[in-house]
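Those protein sequences? They're chains A and B, same order as listed. Anchor point for the first sequence: position 51 equals 76 in this note's numbering, and the numbering is continuous, going up by one each time. Anchor point for the second sequence: position 46 equals 54 in this note's numbering, and the numbering is continuous, going up by one each time. Some notes on the structure that comes next.
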Amino acid sequence: MKNAVCLKEKGMRNKNSGKLVEMPGKTGRVHCEKKRKNLSNWLFLAPCLLTLALCAGWPLLKTIYFSFTDAALDSLNDFQFIGIDNFINLARDQDWWIAVKNTFVITVVAVPLETILGMIIALILHRNFKGRGWMRAIVLVPWTIPTIVSARMWAWMLNDVYGIVNELIIRVGIVDSPIPWIADNTLSIVSIILVDVWKTTPYMALLLLAGLQSLPQDCFEAAEVDSIPFHKILMKIILPLMKPTIIVAMIFRGLETFKIFDLVYILSSGNSATATMSVFARKHLVDYADVGFGSAAATALLFFIAFLSIFYISFNRKKLNKLS
Amino acid sequence: MIKAENKWKYKRLVKNAAFAGICLVIAVCCLFPFYWAVVSSFRDGANIFSTDLWPTHLSFENYNTVFKDKTFLCSFWNSAAVATMTAFLTLAVCLFAAYPLARHRFPGRKRVLMIALGVTTLPQVAVLSGMFELIRVLDIYNEKAALVLSYMIITVPFTLWTMTNFMRSIPKEIEEAAIMDGANQRTILMKVFLPILGPAIVTTGLLAFIAAWNEFLFALTFTLTNQARTVPVSLALFSGASQHEVPYGLIMAASVLVTLPLVVLVVIFQRRIISGLTAGSVKG
Chain A
26 MKNAVCLKEK GMRNKNSGKL VEMPGKTGRV HCEKKRKNLS NWLFLAPCLL
76 TLALCAGWPL LKTIYFSFTD AALDSLNDFQ FIGIDNFINL ARDQDWWIAV
126 KNTFVITVVA VPLETILGMI IALILHRNFK GRGWMRAIVL VPWTIPTIVS
176 ARMWAWMLND VYGIVNELII RVGIVDSPIP WIADNTLSIV SIILVDVWKT
226 TPYMALLLLA GLQSLPQDCF EAAEVDSIPF HKILMKIILP LMKPTIIVAM
276 IFRGLETFKI FDLVYILSSG NSATATMSVF ARKHLVDYAD VGFGSAAATA
326 LLFFIAFLSI FYISFNRKKL NKLS
Chain B
9 MIKAENKWKY KRLVKNAAFA GICLVIAVCC LFPFYWAVVS SFRDGANIFS
59 TDLWPTHLSF ENYNTVFKDK TFLCSFWNSA AVATMTAFLT LAVCLFAAYP
109 LARHRFPGRK RVLMIALGVT TLPQVAVLSG MFELIRVLDI YNEKAALVLS
159 YMIITVPFTL WTMTNFMRSI PKEIEEAAIM DGANQRTILM KVFLPILGPA
209 IVTTGLLAFI AAWNEFLFAL TFTLTNQART VPVSLALFSG ASQHEVPYGL
259 IMAASVLVTL PLVVLVVIFQ RRIISGLTAG SVKG
């Protein structure tokens, strides 16, 4: 019986070009249709939401929970609640603060560099020239190469004795003696930034290119007709219009860089002077089997990220609102 | 008059040359590391230390060794299996979920999208210990299933956003025509949308595949034996007899083998990948 009512409703909805119209006296039926549709929506969503709950929600809550305990890797079921001791120890741990500093330095230096270089590449790819397709494919190559492969490739190129980078800069005459790119702690951070910029600039360029292409193109044409020099077009038209895209892309990249793990793991081989927050957390969690303390470090990183995320999400929400 | 025209031509020439120069510099910067890896991979023994920029003589020694290495082949197979499984599962889950998110307005819709966006920002270490416990409970430690399960946290939110964006771009008229013909929701999704979404599915599936193929942190933590490792992990742990004797020739050969399939895929699907990458994030 209920079904029949719903079917009847369906017919009516079709006539009204898919939109439900609330009619006086018929609210009950509309309600029935709405409810059924709502249920089917959630049925469609269920597998996805269950997956997210199982592999993101539960582990996340569990990690935060572990950070208040003294759990060890081999006794995950047998632990004691020790309050905020882990966090106090974390705040007293010098290596942690070094890791925090390293993460900040890498993010603050790498992200603006990526943005500037990415913008240059995006502007080039936005122009219409012969071989643009090739250029786009070439620019994508660093992004394609798995991070571990890039890290090992660069470790080989930056090798202090046999590396091609040292060889080339000596040959050109920039320096006299080989530079210990990876052995030296400060230079190691420089190398990490260098490789990160190399690897992620393409992605940045693509994000910015998408932004460029969604700008009203007649602006450029008008400016070109008026023969306004390019640097003026860039400063007065492109950059102001691109500001929201640039900010979102920078926050997005900042979030990613904050979590940096792979590159640091390979390029600094476990040295605590060059570790980042992720490396620090994993080292304590897995290598030292101290799940409680490691989880506390991971939770602290989560807090930093959450701060940035709120910015990121609120920016995206504006876009979402515009869309719907 | 002629002079002015010449000057204009000259200026244009300089401009074009400068533009080409910049393009060349960028291309060299992007390609050189991979080029150098390829060149190094063809140098055997002590030749590896040569700093000649051009390949002097070709030796397949390194590739021979890599192909004879059972552990490496095993990890190659593991990576392929895990990445394929992850891509398929992700697509299956996200296709269904993206449909109501893209085509219907209902309470909670925005919240679901926001949660997915929030999950993309989660650092992997923040779920590490919880995931470790989950994997122990499910008794899948050191197995492919553990990796597939953990990779879903990376691939699902991103795919959901991208898929929703793609699905939103399908004209409403198509859906309405199907409703007129008496199709229900499932039929609309499976018989009408799925064929239209073919290219989008290829794109998002490929991106999920690449993400799973490249993942390192989970693979390093949730596998223990050589038989279970994926390519990035075995590459990272590839080392010689002693610490000072890193077999760079072998590493470079293995790196090239791992990267080549990806480079080929990306060059072929370049346009699609770019649209997928940007649809998922900034374009919103």
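Virtual Cβ for every residue (Gly too), placed ideally from N, Cα, C. If you're wondering where the values come from, they're calculated on a predicted model, not measured in any experiment.
For B/Thr98, the secondary structure class from DSSP, reduced to helix, strand or coil, is helix. Within the region 73-156 of chain A, there are no complete beta strand (DSSP E) runs of at least 3 residues. Rounded to the nearest whole angstrom, the C-alpha separation of B/Gln193 and A/Trp206 is 59 Å. Apart from the 5 residues on each side of it in sequence, A/Lys284 sits with its Cβ closer than 6 Å to the Cβ of Ser303 in its chain, given in chain order. Under a criterion of Cβ atoms nearer than 7 Å, the residues of chain A adjacent to B/Pro240 are, in order, Pro171, Ile173. Note on geometry: alpha-carbon atoms of A/Ile338 and B/Glu184 lie some 33 Å from one another. Apart from sequence neighbours up to five positions away, the residues of its chain that approach B/Gly257 with a beta-carbon distance below 7 Å are Ser48, Ser49, Arg51, Asp52, Ile56, Asn70, ordered along the chain. Contact annotation: A/Thr132 and A/Gly317 have beta-carbon atoms that are not nearer than 7 Å. The region 205-224 of chain B and the region 266-286 of chain B touch, with three or more beta-carbon pairs separated by less than 8 Å.
Among the CB atoms of chain B, none fall inside 7 Å of the CB of A/Trp206. Going by beta carbons, B/Thr267 and A/Ile163 fall outside the 7 Å limit. Listed along chain A, the residues sitting closer than 8 Å to B/Ser48 by beta-carbon distance are Trp181. Interface annotation, A/Met275: not in contact with chain B, CB-CB separation never under 7 Å. With at least 16 other beta carbons inside 10 angstroms of its own, A/Lys224 counts as buried.
When the beta-carbon positions are compared, B/Cys38 and A/Pro167 come within less than 7 Å of each other.
Under a criterion of Cβ atoms nearer than 7 Å, the residues of chain B adjacent to A/Phe69 are, in order, Phe104, Ala105, Tyr107, Pro108. Taking C-beta separations shorter than 7 Å and ignoring five residues to either side along the sequence, the partners of B/Ile178 in its chain run Phe201, Ile204, following chain order. Rounded to whole angstroms, the gap between the alpha carbons of B/Ile143 and A/Gln238 is 44 Å. When A/Leu70, A/Asn127, A/Arg152, A/Leu183 are compared, the shortest CA-CA separation from B/Asn24 is found for A/Arg152.
Nearest neighbour of A/Leu232 by Cα position, chosen from A/Thr140, A/Phe329, A/Trp67, turns out to be A/Thr140.
In this structure, B/Ser87 lies away from B/Trp169, with their beta-carbon atoms at least 7 Å apart. Within chain B, the C-beta atoms nearer than 7 Å to that of A/Arg177 come from Leu243, Ile259, Ser263, in chain order.
Contacts between A/Trp122 and chain B, judged by CB atoms closer than 7 Å, are missing: the closest CB pair is about 17 Å apart. Classified as exposed, B/Trp85 has fewer than 16 neighbouring CB atoms from the shown chains inside 10 Å of its CB.
Membership of B/Tyr159 in the alpha helix (DSSP H) is indicated by the continuous run 152-176. Runs of the alpha helix (DSSP H) lying entirely within the region 13-89 of chain B, each at least 4 residues long, are 69-76 in chain order. Between A/Ile258 and A/Ala248, the CB-CB gap stays under 7 Å. Neighbours of B/Met160 in chain A, taken as residues whose beta carbon is under 9 Å from its own, are Thr76, Leu77, Leu79, Cys80, Ala81 in chain order. Under a criterion of Cβ atoms nearer than 7 Å, the residues of chain A adjacent to B/Phe114 are, in order, Asn63, Asn66. A/Arg307 has a beta carbon lying within less than 7 Å of a beta carbon in chain B. In chain order, Leu101 make up the part of chain A whose C-beta sits under 8 Å from the C-beta of B/Arg144. Pairing B/Ala95 with B/Phe217 gives a Cβ-Cβ distance under 7 Å.
The beta carbon of A/Gly188 sits closer than 6 Å to the beta carbons of Met182 from its chain, once the five residues preceding and following it are set aside; these are given in chain order. Two segments are said to touch when three or more pairs of C-beta atoms, one from each, lie closer than 8 Å; by this definition the region 233-243 of chain B touches the region 71-84 of chain B. Taking a Cβ-Cβ threshold of 7 Å, the residues of chain A close to B/Tyr256 are Trp181, in chain order. Close to A/Arg161, with beta-carbon spacing below 9 Å, are these residues of chain B in chain order: Gln278, Arg279, Ile282.
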